[in-house]
Structure formats: structure tokens, C-alpha cells
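A.B. asks: Pasting in a structure now, in C-alpha cells, and then I'll have a few things to ask.
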């Protein structure tokens, strides 16, 4: 054998050893192995989180005959979506009054505020997807699933009435979530596991191949298992993580009450496999959480639905209106925070939400529930202090068209008390700003793909809902949370259907 040939064989052998070493090293570090194509079709997909985003994704998968394993860390499904009370945005829809609504995109861009100065092109794609898909989202819920969304209200920051809810007494979040959940449970392809927390995503090479999760039970020891398949993460935000992510990104909100039960955030599941974060300091402090007279210092508050202001309700501080109640949540909250809090732990302000009989009739199911809970009381204007009658009389004149509102409000919906007196009936509840929603989260594409630092989709994983960032920027419009869940949840489901079918070719 020539010397040259011998050297060539030695080099090739070394290269083979080097390649084998790196292959074995990467395989050991990223178990389990990639799922065989046949297993993808058989096992189906994994959805993490049972709020509306997760249920929307699961519905798309089941409709395509793809099996779904849904993991929920709480004992009951539904997440925060099931508590949503104002409705879901959609435009244009046949339920909206007046000419076709073409302003939803512009209203949403305006609402994001200063956030549009960064990643503008990316945000525009997400907002365009959200708003352009909103009419079909409402149609999917009403036509495909038979949910009543025929009543429409104009909420803060909207130039038109486009927030849909049912005409009956069932809150929209519960109506939507319970309907989708019932439909899913009827399918033999659907499996729901509650009290199960995902610990990590399983990675093989550059692909997500499943999850490791732990299920707890009061009757038995916790068990840790794995599921294999493409993953859709819809685990919600971190507004209840007051000692973790919320404390890290918004320490100034310490001691604020919240509408969220205490729970850790979950973005780490995705950042641990390369996902990026956006808008983590953008936390929505909703202007109106009820202060329960029975437990006024409880840090957990019940939301005073924005639809109450949308249907004509007003806010009073020291007996006077102080801001346009239909401006964005961010701005209404800022106006309240200009005053000193009356309590420090939790931080609370003394603001009254005042509704007349017209508003009561328009939102009767909501208000009756609040009365039942002791959060709203039926009283008279004379009970609200010396300034209230003059303030409400001035507002009544604005509603009657006698002059423009000095605070800039132009929509009054169902307010009908035009000649208020001291003994006129009103419905009143004390409210205060509350931590409500987190706009920040992992970066996704308009197709709900989770993006890495180079803007490249991470294979095998998608995300939707409050766990993601970039859709709302600095402020979320009321009614766009449920919409985001439906639009991007369905997008995620559709992409996974394609992923599984393409793997089978």
C-alpha cells in the first residue's frame, strides 16, 4: 500500500470517529429520539393548557381527525378564558350596527402605543392576522358551534361597537369555553388530563418531540410521564406570578390587587428550547376591579367587566367624573393612579362605578350576578355624596345632546337617565385598578410558530394566547383576548395538521 493511500485511510477513519462522537454526544444530550412518522399520525398532537386558545387549537385538530392529548395544570379546565365577561371582538360581522366596520386594525395599532416603535413590521403582521381573521372567528363560533354572539357593545379604545356577547344570561367566556369543551369531550380522539403540569419540552436535535409532565392527585403519589408528538403551548400569562415573572419585570406593581389566582408563569418552557421574549414589561392594569365590601383588603379581585362602561356607565372619584370612561384601559388606569391610594396593602383607590336603569337592562345578567355577589348595590344618587347629583346631571345633558362632553366621550349606549334627581335609582360598586393581563410573552409568527433568536420557527412547537407577546403591545383592547385565543389557537391547530400530514408523505 502506498504511503499516500495509507494516510488517506487514517484521515477518513479519524473523521468517522469524530462524526460518530458528535452524533452520540448530541443524541445523548437531546433524548428522546425523533418520533417515527407513523407514530406522529397515531399519537397525534399535545396541547398544553385548556383555556380558549388550547380548546380552539384542539378543535381544529379533532376536525381533521388528529388525536389530541390536552394537559391542564389546574383541577378544572377553562383557564382565565372561562371567566371572560365582556365578549369577543369581530369586524365586520352581521351583528354590528351601521355600515361595515373597517377601523379595527387602526384601533388596535393605536392601542399598542409606544410599542409600535420597535419590531413594527412583525407587530403589523400579527395585528393584521388578528383583525383580518376576527370576522371568521366570530362566524366559526356562531355557525360551526352554535354560540350566540348577537349582542354587540363598544368598549374602551374602540371607535365602533364590535365586542360580541350573547343576548342571554350566560357570560361569553363561559358560553364559548363550555361549548367547545363539550364538543371535544364527545370525540373519541380527545383526551383531557387535569392536575398535570408540564415540566419541560423534549428536544431531539433542533426539534421538539413531546413533553415531560407530572400529574398530582390527593389520593395517590405524583407521577411523572412523557408524551410524544408535536406540541402547542397555550398556558396563559404571568399576571398571577407575583413573586416570579411579575416581580422580575414589573416590581412597581408589588402590592397591587389582581384578578388572577396565584400561579407561576410558564414562558420558561419555551425559552429553554430557544424561544425569545417580547414586551415582558407590558402588563395591563385594568381600571376596574371590584372592591368587595365583605373582604375589602383581599388581594384577589373580581373584574368589573368593561361592558358596564361600554353600555353607558361612568366612573366617579370624590363625586366627579375625571376621565373619558371609553378611552383605553391604560389611560383610564393612569388617570386613577394620579390620585393617592386610600389603602396600601393592597394598593387601592376609591372610585365608584355608577350605572343607571338603562345600563342595568342592557347588562342585566352581569349586574344581577354582581348584586348577588355583594359587589354592586342598588341605591339612589342622593346616597353618593354632595357632588354626585350635579355630576350625573351634567353627564345626562351630554347624553341628551345638549352639549359635548368636556372629557371627550362620544358614545353613551344605553344610559337613559336624562333628568336625574336625588332619589333617582342607580347601581353602584366600588372599583380599583387591578393587575389583569400580560401582553408580553414568547415571540411567534402570524402562523403561531415559535421563533428563535434568528426569527426561524422552532420545529415541532407552536404557541397561542397570553403566553405569547407582540400582538397587543402596550395595551390590549377589551374583547381582543378571546379573539387572540381563537385566531392564533386555530392557526396553531391548522399548522400542526399540516405538519403531521407532511411528515406522513
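In the UniProt record's numbering, the protein residues as written are 1 to 505. From the three backbone atoms N, C-alpha and C, an ideal C-beta is built for every residue, glycine too.
1) For a test of the three-state rule: what should DSSP assign to residue 324, helix, strand or coil?
2) For residue 97, which of 151, 363, 410, 436 has the nearest alpha-carbon?
3) From 83, 159, 315, 450, pick the residue whose C-alpha is nearest to that of residue 491; which is it?
4) Taking a contact to mean a Cβ-Cβ separation below 8 angstroms, would you say residue 163 touches residue 374 in this structure?
5) Check each candidate in 369, 114, 329, 197 and name the one with the smallest Cα separation from residue 169.
6) Could you check where the beta strand (DSSP E) with residue 221 kicks off and where it finishes?
7) Confirm, please, whether the CB-CB distance from residue 435 to residue 239 is below 8 angstroms.
8) With contact counted as at least three CB pairs below 8 angstroms, one residue from each stretch, are the region 471-485 and the region 74-94 in contact?
9) Within a Cβ cutoff of 7 angstroms, which residues of the same chain sit near residue 264, ignoring the five residues on either side of it in sequence?
10) Work out the CA separation of residue 125 and residue 31 for me, nearest whole Å.
11) Along the chain, which unbroken stretches of the beta strand (DSSP E) at least 3 residues long are found entirely within the region 450-495?
12) Quick check on the burial criterion: 16 or more other C-beta atoms within 10 angstroms. Buried or exposed for residue 555?
13) When you compare only the Cα positions, how much space is there between residue 527 and residue 222?
14) Excluding the 5 residues preceding and the 5 following residue 332 in the sequence, name in chain order all residues of the same chain whose CB lies nearer than 7 angstroms to its CB.
15) Whole angstroms is fine: what's the gap from residue 102's alpha carbon to residue 135's?
16) Taking residue 417 and residue 400 to be in contact with their CB atoms under 8 angstroms, please state how far apart those CB atoms are, rounded to whole angstroms.
17) Report the residue ranges of all beta strand (DSSP E) runs contained in full by the region 129-158; include only those spanning at least 3 residues, in chain order.
18) Residue 343 by DSSP, collapsed to three states: which one?
19) Please go through the same chain and pick out, in chain order, the residues whose beta-carbon is closer than 6 angstroms to the beta-carbon of residue 328, but skip the five residues on each side of it.
20) Rounded to a whole number of angstroms, what is the C-alpha to C-alpha distance between residue 388 and residue 274?
21) Have a look at residue 139 and residue 90 and give me their C-alpha separation to the nearest angstrom.
22) Buried or exposed: where does residue 115 fall if 16 or more other Cβ atoms within 10 Å of its Cβ makes it buried?
23) When the Cα atoms are used, what is the spatial distance from residue 320 to residue 350?
24) Quick test of your reading: residue 433 and residue 174, contact by CB under 8 angstroms. State the CB separation rounded to the nearest angstrom.
25) State the beta-bridge partners of residue 284 as determined by DSSP.
26) Alpha carbon to alpha carbon, what distance is there between residue 503 and residue 228?
27) Measuring alpha carbon to alpha carbon, tell me which of 294, 382, 453 ends up nearest residue 278.
28) Please say whether residue 289 and residue 303 have beta carbons closer to each other than 8 angstroms?
29) If I follow the unbroken beta strand (DSSP E) through residue 378, where does it start and stop?
C.D. replies: On the basis of the supplied data:
1) coil
2) 151
3) 450
4) no
5) 369
6) 220-228
7) yes
8) yes
9) 241, 244
10) Residue confidence for residue 31 is low, a pLDDT of 41 falling below 50, so the modelled location carries little weight and cannot support an answer.
11) 457-463
12) Since the displayed the chain opens at 1 and closes at 505, residue 555 lies outside it and no answer follows.
13) Any answer about residue 527 is impossible in this case: the structure gives the chain only from 1 up to 505.
14) 156, 287, 323, 325
15) 11 angstroms
16) Contact doesn't hold; Cβ gap of about 10 angstroms is too wide.
17) 151-153
18) strand
19) 111, 156, 157, 475
20) 55 angstroms
21) 9 angstroms
22) buried
23) 12 angstroms
24) Actually they do not touch by this definition, with Cβ atoms about 25 angstroms apart.
25) 437
26) 15 angstroms
27) 453
28) yes
29) 377-380
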